[in-house]
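J.: Please read through the structure below; I'll follow up with questions.
Numbering (mature numbering (1 follows the signal peptide of the UniProt record, and there is no 0)), first residue to last: -21 to -1, 1 to 387.
Structure follows, in structure tokens:
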């Protein structure tokens, strides 16, 4: 009977995987299991293609560990590795930066940044380093700024002082529009693309008044932007038809995009965003494309009511590569390029807030072919994740922790 039980479990896992996708995971990926999501979906919506949701689960075969480097951070939101291996962290509510060594030594707060509005989902958000940081010490960040008419998502830059106590010559280089009193859905991730320009995500600010602006080409809400280091529209941006279309727009039709990452092989930009009740998305960005919110979505209102016409597909609007229902609330993300855990090569790691885990996605030919949930027993809201200079992964949580995730 014991052998029959093992045969049944293995057969179930293989059946679950074959039902979701005909591909096999890239680089082996690990051991195939049943899909990791076992809770009922919020809707009866059907995916647009096989493997778009609830793909087969994966289990990492290589032994790895997760160590808490520090628990002394205050609502960390973004984390990036400095050239010397230390970690630079934004603190959402205080509007300050911290530097943390891999041994867990935390610096005093780094000041000198423009004031943030820390109410609700606002504050000091994502950051990135200048490609020439080693010589110019420049950093760039997104923050929520209180202005006439309400709040906006803004982008600033400044130089990390030699004594690492302050940011010198902090300058706001871009302000989204229009302003609104809402203190929700700021987006807030930022990175450099392969051409040396900045990619910035903005949210549509959540309220019904601003939600339709995700589809408006004259507003910078619910967008992914492509700008220069000085905040100007980058050359080579897509051209949109219609009077008043903003030249800084790269893609549109987003809800609350909190994840951005560059694929290490294709160099394409990948993005994650929060859905409403169901419908969290992972997207592969194509310049000039419309990602549908709020016209199409795999989610519903928090009340249970349908959104718009309750449609999930429409001509001229992109489908997500992958979606979650129920939601996991995907936030910061990174592709793994280290060699410490071989089956993780080129996998995508996404911090999950409401799901309280780190999602590992195995991707092959631009499709998700396996999903694993890491650190699910920690009870933490994982806000951002990055790869350090030592090849390990580092993740921050809303509760103030910094984790190191590496091979045992």
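Using N, Cα and C, we set each Cβ at its ideal position, and we do this for glycine too.
Between the C-alpha atoms of residue 44 and residue 114, what's the straight-line distance to the nearest angstrom?
T.: Near 34 Å, if we compare the C-alpha coordinates of residue 114 and residue 44.
J.: Tell whether a beta-carbon distance below 8 Å holds between residue 120 and residue 103.
T.: Contact: yes.
J.: Can you name, in chain order, every residue of its own chain whose Cβ lies under 6 Å from the Cβ of residue 88, other than the five neighbours on each side?
T.: Only 75 meet the Cβ criterion.
J.: So residue 160 and residue 198 are in contact, right, with Cβ under 8 Å, and what is the actual spacing, rounded?
T.: In fact, because the Cβ distance is near 16 Å, the residues do not count as touching under 8 Å.
J.: Mapping DSSP to helix, strand and coil, what is residue 147?
T.: Note: residue 147 maps to strand in three-state DSSP.
J.: Excluding the 5 residues flanking residue 175 on each side, which residues of the same chain have their C-beta closer than 7 Å to its C-beta?
T.: Same-chain partners within the cutoff: 110.
J.: What is the DSSP secondary structure of residue 338, reduced to helix, strand or coil?
T.: Three-state result, residue 338: strand.
J.: Measuring CB atoms only, is the region 254 to 261 touching the region 200 to 209, in the sense that at least three cross pairs come out at less than 8 Å?
T.: With a cut-off of 8 Å, the region 200 to 209 and the region 254 to 261 do not count as touching, because too few Cβ pairs lie within range.
J.: Could you tell me the alpha carbon to alpha carbon distance between residue 229 and residue 241, rounded to whole angstroms?
T.: Cα-Cα distance, rounded: 15 Å.
J.: What's the C-alpha gap between residue 376 and residue 361?
T.: So the alpha carbons of these two residues sit roughly 4 Å apart.
J.: Just verifying my parser: in three-state terms, what is the DSSP assignment at residue 366?
T.: Looking at residue 366 - three-state DSSP - the assignment turns out to be strand.
J.: Would you check if the region 164 to 175 and the region 143 to 153 touch, i.e. whether three or more CB-CB distances between them fall below 8 Å?
T.: Touching, no.
J.: Do residue 97 and residue 379 have their beta-carbon atoms positioned less than 8 Å apart in this structure?
T.: Not closer than 8 Å, so no.
J.: List the residues that DSSP assigns as beta-bridge partners of residue 11.
T.: For residue 11, which the question treats as bridged, DSSP gives the partners 37.
J.: Taking buried to mean at least 16 other C-beta atoms within 10 Å of its own C-beta, is residue 3 buried or exposed?
T.: With a pLDDT of only 44 at residue 3, under 50, the local geometry of the prediction cannot be trusted, and no value is derived from it.
J.: When you compare the CB positions of residue 279 and residue 290, do they come within less than 8 Å of one another, or not?
T.: Cβ atoms of residue 279 and residue 290: not closer than 8 Å.
J.: Just to confirm the assignment, what range does the beta strand (DSSP E) spanning residue 235 have?
T.: 235 to 241 is the span of the beta strand (DSSP E), which, as asked, contains residue 235.
J.: Leaving out five residues on either side along the sequence, give the residues of the same chain with a beta carbon under 6 Å from the beta carbon of residue 16.
T.: Here the set comprises 33.
J.: Where do the ends of the alpha helix (DSSP H) carrying residue 125 lie?
T.: No alpha helix (DSSP H) contains residue 125, which is instead part of the beta strand (DSSP E) from 117 to 126.
J.: Can you name the start and end residues of the beta strand (DSSP E) that residue 105 belongs to?
T.: Looking at the DSSP string, the run of the beta strand (DSSP E) that includes residue 105 is 103 to 108.
J.: Which stretch, first to last residue, makes up the beta strand (DSSP E) that contains residue 213?
T.: Unbroken run through residue 213: none, as it is neither H nor E.
J.: Who are residue 323's beta bridge partners in DSSP?
T.: Beta-bridge pairing links residue 323 to no other residue.
J.: In this structure, how does DSSP classify residue 192 when only helix, strand and coil are distinguished?
T.: Helix.
J.: According to DSSP, is residue 112 helix, strand or coil?
T.: Residue 112 falls in the helix class under three-state DSSP.
J.: Distance, Cα to Cα, residue 46 vs residue 383?
T.: Their Cα atoms are separated by approximately 5 Å.
J.: Tell me which residues share the same chain as residue 91 and place their Cβ nearer than 6 Å to its Cβ, disregarding the 5 neighbours each side in the sequence.
T.: Answer for residue 91: 145, 146 and 149, listed in chain order.
J.: Apart from the five residues just before and just after residue 224, which ones in its own chain have a Cβ nearer than 6 Å to its Cβ?
T.: Closer than 6 Å at the Cβ level, and outside the excluded window around residue 224, lie 196.
J.: From 62, 352 and 132, pick the residue whose C-alpha is nearest to that of residue 200; which is it?
T.: It is 132.
J.: Can you find the residues in the same chain that come closer than 7 Å, C-beta to C-beta, to residue 358, ignoring five residues on each side of it along the sequence?
T.: Around residue 358: 335.
J.: So, do the region 364 to 373 and the region 315 to 334 have three or more beta carbon pairs nearer to each other than 8 Å?
T.: Touching, yes, given that three or more Cβ pairs across the two stretches are closer than 8 Å.
J.: What do you get for residue 381, buried or exposed, if any count of 16 or more other CB atoms within 10 angstroms of its CB means buried?
T.: Residue 381 is buried by the Cβ-count criterion.
J.: My understanding is that residue 168 touches residue 139, with C-beta atoms under 8 Å, so please give their C-beta distance in whole angstroms.
T.: Incorrect: roughly 20 Å between the Cβ atoms, too far for contact.
J.: Taking all protein chains shown into account, decide if residue 36 is buried (16 or more other Cβ within 10 angstroms of its Cβ) or exposed.
T.: Label assigned to residue 36: buried.
J.: In the DSSP assignment, what residue or residues form a beta bridge with residue 312?
T.: For residue 312, which the question treats as bridged, DSSP gives the partners 329.
J.: Check the C-beta distance from residue 73 over to residue 49 and give it rounded, since I have them as a contact under 8 Å.
T.: Between residue 49 and residue 73 the Cβ distance is about 16 Å, and since that is not below 8 Å, they are no contact.
J.: Mind listing, in chain order, the continuous beta strand (DSSP E) runs of no fewer than 3 residues lying wholly within the region 220 to 290?
T.: Counting whole runs of 3 or more residues, the region 220 to 290 contains the beta strand (DSSP E) stretches 228 to 231, 235 to 241, 248 to 253 and 259 to 263.
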